[in-house]
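All remarks here apply to the structure that follows.
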Amino acid sequence: MNNKIGYINFCIGKFAERFRMTRLMAYHYLSAYKGLEFLDECYEAEHLLSAEDAVMDLRKVCRNNGGTI
């Protein structure tokens with residue numbers, strides 16, 4: 328569980344960096360458009376990917392749930 332929390336936190340930071348937003352903005356965006364839910368449910372597979380791949384997967388999930396980034 329501790330590793331999953333750390334990984335989700337890491338992904339929030341990488342998402343924020345990639346799309347030039349604050350970590351808080353990234354957290355709210357990912358929460359609103361099910362990105363955090365995706366990371367929680369798919370941790371076993373996602374944590375094996377590169378950070379860039381994980382960020383792009385988050386982008387796709389959020390777009391599929393109404394996000395615009």
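Take 328 as the starting number for the sequence shown in this note's numbering and just add one per residue.
We treat Cβ as the ideally placed atom computed from N, Cα and C, and that holds for glycine.
- Proximity of the region 353-369 to the region 380-390 meets the contact definition, three or more beta-carbon pairs being nearer than 8 Å.
- Excluding five sequence positions before and after R350, the CB atoms of its chain that fall closer than 8 Å to its own CB belong to I339, G340, A343, given in chain order.
- Check the Cα spacing between I332 and each of F346, Y370, K361: the tightest is with Y370.
- In terms of CA proximity to F365, D384 leads the group D384, F337, R347, L375.
- Here K361 carries a coil assignment [DSSP, helix/strand/coil].
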